[in-house]
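Please read the structure below before turning to the comments.
Residue numbers (UniProt numbering): 1 to 120.
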């Protein structure tokens with residue numbers, strides 16, 4: 001995973017942990033496993049998709065609306081990449097109850113709309 005939204009195979013990672021953008025396996029802004037609501041089944045694809053330039057207004061709205069508790073969590077965020085890392089990793093919207101995901105196949109979310117609740 002790369003701060004510009006690239007994902008690649010492990011063999012194409014540079015020593016700094018970023019993708020070699022010239023490698024054949026590198027792709028930018030990959031949303032392969034992501035649903036229309038911004039929830040993805042693969043964490044790296046969640047971050048990559050979230051980094052699309054057209055997603056920035058959505059993330060700014062999220063920061064502006066964040067509850068005080070969340071603001072403490074997101075105050076350390078310095079850029080779009082860090083916000084996507086945090087949003088995909090810590091979205092409480094993807095949880096139905098304690099450790100049960102609303103959609104176990106798409107649990108990494110950056111979007112505004114949570115997955116539907118599963119029937120109990």
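Ideal Cβ placement from N, Cα and C applies to all residues, glycine included.
Predicted model only: the values in this text are computed from it and were never measured.
With a threshold of 16 other beta carbon atoms within 10 Å, residue 113 falls short and is exposed.
When DSSP reads this structure, residue 40 sits in a beta bridge with 34, 108.
By the Cβ neighbour-count rule, residue 47 is buried, with 16 or more other Cβ atoms within 10 Å of its own. Note that the C-beta distance between residue 6 and residue 26 is below 8 Å. For the 8 Å CB-CB criterion, residue 59 and residue 83 form a contact. For the 8 Å CB-CB criterion, residue 18 and residue 50 do not form a contact. Assignment of beta-bridge partners to residue 13 by DSSP yields 19. By the Cβ-count criterion, residue 106 is buried, with 16 or more other Cβ atoms from all chains shown falling within 10 Å of its own Cβ.
Note on residue 11: under 16 other CB atoms within 10 angstroms of its CB, so exposed under the neighbour-count rule.
With respect to residue 20, residue 8 sits close: the two C-beta atoms are nearer than 8 Å.
Approximately 19 Å separates the beta-carbon atoms of residue 62 and residue 3; this is outside 8 Å, ruling out the contact.
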